[in-house]
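Note sheet for the following structure.
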Amino acid sequence: MEGSSRPTQVDGVTTVVTKLSNIAGPSRAYFGEKDFQQLAVVRRMAADLDQPVTVIGCPIVRETDGLAMSSRNIYLSSAEREAATVINRALRAGAAMISAGESDPAVIEAHMASIIEAEPLAELDYAVVVEPDSLVTPAELMSGTNVRLLMVAKVGSPRLLDNLGVDVP
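Per this note's numbering, residue 389 is the first one in the sequence shown, and the count goes up by one each step.
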């Protein structure tokens with residue numbers, strides 16, 4: 389996922405967060421859920437290194453039309469800004485499939501991808517269904533679990549990240 393698009397991102401984030409944690413010694417660290425992979429990596433790193441810090445995810449803040457707020461949104465033209473809302477629509481469509489009983493991640497991923505691909509101004513990087521702790525796609529969604537729908541698409545020049553947590557009925 390993000391490792392292939394931003395190969396040095398994980399190393400950079402974990403190095404900076406580890407140094408900051410070692411220097412400041414916080415009991416809590418807050419990270420936004422918008423970059424969910426970063427949040428998961430930081431949580432795993434804190435656990436693996438036995439750091440005495442609780443990593444807390446902060447909910448995604450959205451515009452009224454559902455677009456996740458991001459500093460990158462300022463680079464969107466008005467047409468691209470409108471087109472970018474397709475990302476949230478695709479995530480919600482994936483969540484609706486899960487709520488309706490679809491348990492095959494590949495089917496859900498393909499459906500989300502098809503929604504993005506139908507928008508001429510959007511270029512899909514990836515749309516995946518993962519377990520929130522491991523970031524691994526399960527073979528099948530199991531009732532009573534939680535999954536995360538992760539999506540990245542380019543709309544114009546910005547690469548926009550978004551995701552949605554879904555409880556599997």
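All C-beta atoms, glycine included, are put in the ideal place defined by N, C-alpha and C.
All values reported here derive from a predicted model rather than from experimental measurement.
Using DSSP with H/G/I as helix, E/B as strand and the rest coil, what is residue i?
i: glycine 445; result: strand
i: glycine 543; result: In the sequence on display, residue 543 carries valine and not glycine. If DSSP states are grouped into helix, strand and coil, valine 543 belongs with the strands.
i: leucine 538; result: strand
i: aspartate 513; result: strand
i: leucine 529; result: coil
i: glycine 454; result: coil
i: valine 518; result: strand
i: leucine 548; result: strand
i: alanine 417; result: strand
i: aspartate 555; result: strand
i: glutamine 439; result: coil
Cβ of residue i within 6 Å of any heavy atom in the ligand NAD?
i: alanine 467; result: Absence of the ligand NAD is noted for the structure shown, with no ligands found whatsoever.
Between residue i and residue j, what straight-line distance do the alpha-carbon atoms span, to the nearest angstrom?
i: alanine 494; j: alanine 488; result: 15 Å
i: glycine 544; j: serine 465; result: 8 Å
i: methionine 539; j: lysine 407; result: 29 Å
i: proline 526; j: aspartate 423; result: 20 Å
i: arginine 469; j: asparagine 461; result: 7 Å
i: leucine 512; j: alanine 481; result: 16 Å
i: phenylalanine 419; j: arginine 431; result: 10 Å
i: alanine 506; j: glutamate 497; result: 14 Å
i: arginine 547; j: alanine 501; result: 15 Å
Evaluate residue i with the Cβ neighbour count: other Cβ atoms within 10 Å of its Cβ, from every protein chain shown; 16 or more gives buried, anything less gives exposed.
i: glutamate 528; result: exposed
i: alanine 471; result: buried
i: arginine 450; result: exposed
i: serine 458; result: buried
i: serine 409; result: buried
i: valine 535; result: buried
i: alanine 484; result: exposed
Using a Cβ cut-off of 7 Å (strictly closer), state whether residue i contacts chain D.
i: alanine 456; result: In summary, chain D is missing from the structure at hand, where a single protein chain is found.
> Can we say the stretch 414–421 touches the stretch 429–445, given the rule of at least three CB pairs closer than 8 Å?
Replying inline: At 8 Å Cβ cutoff, the stretches touch.
>> Count Cβ pairs between the stretch 427–437 and the stretch 450–466 that sit closer than 8 Å; are there 3 or more?
In response: Result no; under three Cβ-Cβ pairs closer than 8 Å.
> Which ranges does the alpha helix (DSSP H) cover as unbroken runs of at least 4 residues, wholly within the stretch 463–517, from first to last along the chain?
Replying inline: Counting whole runs of 4 or more residues, the stretch 463–517 contains the alpha helix (DSSP H) stretches 466–471, 474–487, 493–505.
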